[in-house]
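Trainee:
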Amino acid sequence: MSVVTLPIVEKHDKIRRSAAIATQLKEMILDGVLKAGDRLPTEEQLCRHFGVSRTTLRESVQMLRVSGLLEVTPGRGSFVRVPDLRKIMDDVAVFGCAGGMDDAEVQNLIALLQHEMVRRACRAPAVRKSSLTDYPISRLAPVSENERAERAWLLAIASVSGYKVGRMLLEVLLTMTRRQRQLRLAKAGEVQRLMEVQLRLNAAIIDGNADMAGRVMEAYLQSCKDGTTLSA
Numbered sequence: 009m010s011v012v013t014l015p016i017v018e019k020h021d022k023i024r025r026s027a028a029i030a031t032q033l034k035e036m037i038l039d040g041v042l043k044a045g046d047r048l049p050t051e052e053q054l055c056r057h058f059g060v061s062r063t064t065l066r067e068s069v070q071m072l073r074v075s076g077l078l079e080v081t082p083g084r085g086s087f088v089r090v091p092d093l094r095k096i097m098d099d100v101a102v103f104g105c106a107g108g109m110d111d112a113e114v115q116n117l118i119a120l121l122q123h124e125m126v127r128r129a130c131r132a133p134a135v136r137k138s139s140l141t142d143y144p145i146s147r148l149a150p151v152s153e154n155e156r157a158e159r160a161w162l163l164a165i166a167s168v169s170g171y172k173v174g175r176m177l178l179e180v181l182l183t184m185t186r187r188q189r190q191l192r193l194a195k196a197g198e199v200q201r202l203m204e205v206q207l208r209l210n211a212a213i214i215d216g217n218a219d220m221a222g223r224v225m226e227a228y229l230q231s232c233k234d235g236t237t238l239s240a
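Residue numbers for the sequence shown follow our numbering, so the first one is 9 and each next one is one higher.
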């Protein structure tokens, strides 16, 4: 068992600081920065690292303990546990809906996941990539059908990437943001925009062109936020 050094983190408003810290620690565990069996730094060190009080830190640790990601042993410290993926999925939904993450934070997490998945998908075997063309978007289809196709396509990229934990998290986040996607796809030009994204991103992934795929994904994510014209 080893004591780990945590990466630098940003400060948060007091109102949601405990939830934000819990989310950051959870991401470190899911990203492999914190591994099963690692012992967290002492309470005093964590308070200094995050710039919070012991009360706030203990609230964060309790959230992760309830999530099954930490095992707290009196006199020994807090240890990282092997993540329970189904529990994580439930907790992500709770964090998002209960105020742990606002809309912008949810979108930022989706963006982080999708960038990583696209990068990994470009390196995947060609046989896995062939499934990406199985989720057509149509200007004649109802909004609800195109939303389902978009969601299934994004999850297909996640499957191709082989990032299993990320795929499960993305599935929850996409479910949470279903209504936003439906509203976006109901706007004039958005379905055509999405069709163009599919063609370009699928082609880049199949060709293994990670740079192009990353640019297309970034333009797509930006268009989801503000409806701007795609360019990469």
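Backbone N, C-alpha and C fix where the C-beta goes; we use that ideal spot for every residue, glycine too.
Are at least three pairs of beta-carbons, each pair with one atom in the region 24–38 and one in the region 61–75, less than 8 angstroms apart?
Mentor: Here the region 24–38 makes contact with the region 61–75; the two share three or more CB pairs at distances below 8 angstroms.
Trainee: Mapping the DSSP letters down to three states, classify L48 as helix, strand or coil.
Mentor: Counted from its first residue, the sequence shown places residue 48 at position 40. L48: coil per DSSP, three-state reduction.
Trainee: DSSP beta-bridge partners for T81?
Mentor: The residue given as residue 81 occupies position 73 in the sequence shown. Looking at the DSSP output, T81 sits in a beta bridge with G85.
Trainee: Between A160 and the rest of its own chain, which residues show a CB-CB distance below 7 angstroms, the 5 nearest in sequence each way excluded?
Mentor: As a first step, residue 160 is located in the sequence shown; it is residue number 152 there, counting from the start. Close CB contacts of A160 within its chain, under the 7 angstroms cut and outside five residues either way in sequence, are with Y143 (chain order).
Trainee: Which residue from A44, G59, E51 and S169 puts its Cα closest to that of G76?
Mentor: Locating residue 76 in the sequence shown gives position 68, counting from the first residue. Among A44, G59, E51 and S169, the Cα nearest to that of G76 is on A44.
Trainee: Does the region 183–191 touch the region 147–163, meaning 3 or more C-beta pairs lie closer than 8 angstroms?
Mentor: yes
Trainee: Between P49 and G174, what straight-line distance do the alpha-carbon atoms span, to the nearest angstrom?
Mentor: Counting from one through the sequence shown, the residue named residue 49 turns up at place 41. Counting from one through the sequence shown, the residue named residue 174 turns up at place 166. Each residue's Cα considered, the two are about 26 angstroms apart.
Trainee: Tell me whether V135 is buried or exposed, calling it buried when 16 or more other Cβ atoms sit within 10 Å of its Cβ.
Mentor: For this step, residue 135 is matched to residue 127 along the sequence shown. Classification of V135: exposed, given that the 10 Å Cβ count is below 16.
Trainee: Once DSSP output is grouped into helix, strand and coil, what is the label at K172?
Mentor: Numbered from its first residue, the sequence shown carries residue 172 at position 164. Helix.
Trainee: Quick test of the definition: if touching needs 3 or more C-beta pairs under 8 angstroms, does the region 120–139 touch the region 203–215?
Mentor: In short, these stretches touch, since the Cβ pair count reaches three.
Trainee: Between R127 and the rest of its own chain, which residues show a CB-CB distance below 6 angstroms, the 5 nearest in sequence each way excluded?
Mentor: Mapped onto the sequence shown, residue 127 falls at position 119. Within the same chain, R127 has close Cβ partners A218.
Trainee: Looking at the secondary structure, which residues open and close the alpha helix (DSSP H) in which A112 lies?
Mentor: Numbered from 1 along the sequence shown, position 104 holds the residue referred to as residue 112. Unbroken alpha helix (DSSP H) run through A112: D111 to C130.
Trainee: I need the straight-line Cα distance from S139 to K195, nearest angstrom please.
Mentor: The residue given as residue 139 occupies position 131 in the sequence shown. The residue given as residue 195 occupies position 187 in the sequence shown. Cα-Cα distance, rounded: 28 angstroms.
Trainee: Classify S61 as buried or exposed, calling it buried when 16 or more other Cβ atoms lie within 10 Å of its own Cβ.
Mentor: As a working mapping, residue 61 is identified with position 53 in the sequence shown. Counting Cβ neighbours within 10 Å, S61 comes out exposed, since fewer than 16 surround it.
Trainee: Would you kindly report the start and end of the unbroken alpha helix (DSSP H) that includes T137?
Mentor: The residue labelled residue 137 in the question sits at position 129 within the sequence shown. With the sequence shown as reference, residue 137 is identified as Lys, and Thr is not the correct amino acid for it. Run containing K137: A134 to K137, per the alpha helix (DSSP H) assignment.
Trainee: Mapping DSSP to helix, strand and coil, what is T185?
Mentor: As a first step, residue 185 is located in the sequence shown; it is residue number 177 there, counting from the start. DSSP places T185 in coil when its eight states are reduced to three.
Trainee: What's the call for S86, buried or exposed, on a 16-neighbour Cβ count within 10 Å?
Mentor: Within the sequence shown, residue 86 is the residue found at index 78, counting from 1. Counting Cβ neighbours within 10 Å, S86 comes out buried, since at least 16 surround it.
Trainee: What do you get for E84, buried or exposed, if any count of 16 or more other CB atoms within 10 angstroms of its CB means buried?
Mentor: Residue 84 sits at position 76 when you count from the first residue of the sequence shown. In the sequence as displayed, the identity of residue 84 is Arg instead of Glu. Counting Cβ neighbours within 10 Å, R84 comes out exposed, since fewer than 16 surround it.
Trainee: Is any heavy atom of the ligand SAH found at a distance shorter than 6 angstroms from the C-beta of S167?
Mentor: The ligand SAH is absent from the structure shown, which contains no ligand whatsoever.
Trainee: Since K137 contacts V114 with CB under 8 angstroms, what's their CB separation in whole angstroms?
Mentor: On the sequence shown, position 129 is the one that residue 137 refers to. On the sequence shown, position 106 is the one that residue 114 refers to. Actually they do not touch by this definition, with Cβ atoms about 28 angstroms apart.
Trainee: Can the beta-carbon of R73 be found closer than 7 angstroms to that of V80?
Mentor: Within the sequence shown, numbered from 1, the residue matching residue 73 stands at position 65. Within the sequence shown, numbered from 1, the residue matching residue 80 stands at position 72. Yes, the Cβ-Cβ distance between R73 and V80 is below 7 angstroms.
Trainee: With H, G and I counted as helix, E and B as strand and the rest as coil, what does DSSP make of A106?
Mentor: Within the sequence shown, residue 106 is the residue found at index 98, counting from 1. Note that A106 scores 45 on pLDDT, short of 50, meaning its location in the model is unreliable and no value can be drawn from it.
Trainee: By alpha-carbon positions, which one of R192, A221 and D111 ends up nearest to V205?
Mentor: Here the question's residue 205 lines up with position 197 in the sequence shown. Measuring C-alpha to C-alpha distances from V205 to each of R192, A221 and D111 identifies A221 as the nearest.
Trainee: Given this structure, state the Cα-to-Cα distance separating A164 from R24, to the nearest angstrom.
Mentor: Taking the sequence shown and counting its residues from 1, the one referred to as residue 164 is at position 156. Taking the sequence shown and counting its residues from 1, the one referred to as residue 24 is at position 16. A164 and R24: Cα-Cα distance of roughly 33 angstroms.
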